[in-house]
Structures are given as structure tokens and as C-alpha cells.
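In our numbering, the protein residues as written are 52 to 248.
Just so it is clear, CB atoms sit at the ideal spot from N, CA and C, and this is done for glycine as well.
Right, one structure below, let's go through it.
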Amino acid sequence: MKALVVHSYPNPEGFGADLCAVAVRGLRSVGHEVEVVNLYSRNFTAAMSEKEHRAYHSDQPVVDPMVAQQAELLANVEILIFIYPTWLFGMPAIMKGWFDRVLVPSVAFELHPSTGKIEPQLRHVRHLISITTSKSAWWQNWAFGNAGRWCVGRTLRFLVHPRARHTWLCLDRIDKGNENRCRAFLEKVERKVTSRK
Numbered sequence: 052m053k054a055l056v057v058h059s060y061p062n063p064e065g066f067g068a069d070l071c072a073v074a075v076r077g078l079r080s081v082g083h084e085v086e087v088v089n090l091y092s093r094n095f096t097a098a099m100s101e102k103e104h105r106a107y108h109s110d111q112p113v114v115d116p117m118v119a120q121q122a123e124l125l126a127n128v129e130i131l132i133f134i135y136p137t138w139l140f141g142m143p144a145i146m147k148g149w150f151d152r153v154l155v156p157s158v159a160f161e162l163h164p165s166t167g168k169i170e171p172q173l174r175h176v177r178h179l180i181s182i183t184t185s186k187s188a189w190w191q192n193w194a195f196g197n198a199g200r201w202c203v204g205r206t207l208r209f210l211v212h213p214r215a216r217h218t219w220l221c222l223d224r225i226d227k228g229n230e231n232r233c234r235a236f237l238e239k240v241e242r243k244v245t246s247r248k
């Protein structure tokens with residue numbers, strides 16, 4: 052299977068890089084073909100431009116070459132993984148910007164011309180995986196709506212295969228985590244990305 056990993060931790064030497072490395076290692080260990088998109092190293096622009104906004108409902112909604120490249124990577128993947136820190140109970144702007152700018156009409160969905168209903172264009176995606184860390188406790192993230200979790204697990208689910216599964220992996224209270232706890236989470240990530248259940 053083809054897997055796309057979208058990574059948005061700003062520190063190239065931090066725990067986020069370790070999460071990406073073990074996820075990629077796990078995917079490759081079971082024979083998956085893996086492409087990694089590091090949004091920070093690619094200087095991905097989070098904000099949708101005026102030109103993109105005007106083009107959104109046109110026949111050519113993708114006007115930026117970098118976005119076109121991301122859309123091409125997304126075209127045939129069966130596993131889609133997002134690795135990001137949870138900030139203010141949600142995704143970083145750069146990750147949310149990827150959603151806003153890449154998951155546009157003709158790439159992620161089409162609107163039916165007469166009914167206006169969404170017609171999914173990512174039905175080849177069979178597994179969504181969210182990998183994140185948070186300084187908050189699990190109950191605080193829950194109380195504030197778990198925005199990142201629902202963005203992938205509910206909203207994006209409308210655009211992928213109807214039986215696609217979503218795996219949510221979050222290490223809460225990362226600032227309180229000791230070495231053993233962090234190591235255990237890395238092992239869990241590697242185990243979960245290789246699981247077929």
C-alpha cells in the first residue's frame with residue numbers, strides 16, 4: 052500500500068521527529084511505500100491566498116504549484132497519517148492550512164452540480180491515522196472539543212472510503228512525560244501503524 056505522512060512539528064530534532072521516524076519505520080517494515088511531507092522543511096504556506104480563494108469554486112481550484120504537488124501525492128494513497136502537536140486544543144496553523152489549501156474541490160471532493168452535495172474523491176484512502184502530543188490532560192482536550200481528532204476522524208471521513216478506519220494516538224501531558232512513558236508511546240505508534248485491525 053501507499054502511505055502519505057503529513058508532518059508538522061517545527062523542531063527537526065524533537066520528539067515529533069522521533070514520532071515520524073518510528074511511523075515510517077513501522078510502515079516500511081510491513082512493505083508499505085511511504086512518502087513523507089514535512090510542512091516546515093518545505094516552507095508550506097498555511098494561509099489561503101486571495102487568488103486561491105477566488106479559484107476555489109472554479110474549474111481550476113489549485114493555483115499554487117506546491118499545493119498541486121501535495122494533491123498529486125494524495126492521489127493514490129491508501130493510508131493517510133497526520134503527525135502534529137496539539138496547540139490550544141487544535142492543530143497548528145500550518146497543518147490546518149494544509150487541510151484548507153489541499154483538500155479542495157477536484158482533489159478531495161466534488162460538489163454535485165444540481166444538488167450541491169459532496170461527492171468524495173478520496174475513496175482510495177482506507178486508513179486515517181492521527182499522531183499527536185499535548186501538554187493538556189486527556190479530559191481537558193475532551194472538554195475543549197478535541198478539534199484535531201474530529202477534523203480527521205469525522206470531517207475527513209466524509210471524503211474517504213466509507214469503511215475507512217481512524218486510529219487516534221495522543222500522548223497527553225507531554226511535558227510531564229518521563230523517558231519510559233515517551234518510549235512506550237513510540238512503541239505504541241510503531242505497533243499501531245503496522246496493525247491491520
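4 or more residues per run - each alpha helix (DSSP H) lying fully within the stretch 171-246: List check, alpha helix (DSSP H) in window: 189-194, 198-201, 230-245.
With 16 other Cβ atoms within 10 Å as the buried cut-off, status of T206: exposed
Sub-8 Å separation of V56 and I145 beta-carbons: no
Exposed unless 16 or more other CB atoms sit within 10 angstroms - verdict on V118: buried
Limits of the unbroken alpha helix (DSSP H) element including H58: From DSSP, H58 is part of no alpha helix (DSSP H) but of the beta strand (DSSP E) over 53-58.
Identity of the residue in V75, F140, R216 nearest W193 by Cα: Ranking the options by Cα distance to W193, first place goes to F140.
Pairwise C-alpha distance: K147 and M52: 26 Å
Heavy atom of the ligand SAH within 7 Å of Q120 beta-carbon: In terms of ligand content, the structure shown is empty, and the ligand SAH therefore cannot be addressed.
Proximity winner among M142, Q120, P156, V88, relative to Y107 (alpha-carbon distances): Closest by alpha carbon: P156.
Expected contact under 8 Å - CB spacing of A74 and I225 to nearest Å: About 17 Å; that fails the 8 Å criterion.
Given 8 Å, three or more beta-carbon pairs between the stretch 169-186 and the stretch 90-108: no
Coil, strand or helix - F133 by DSSP: strand
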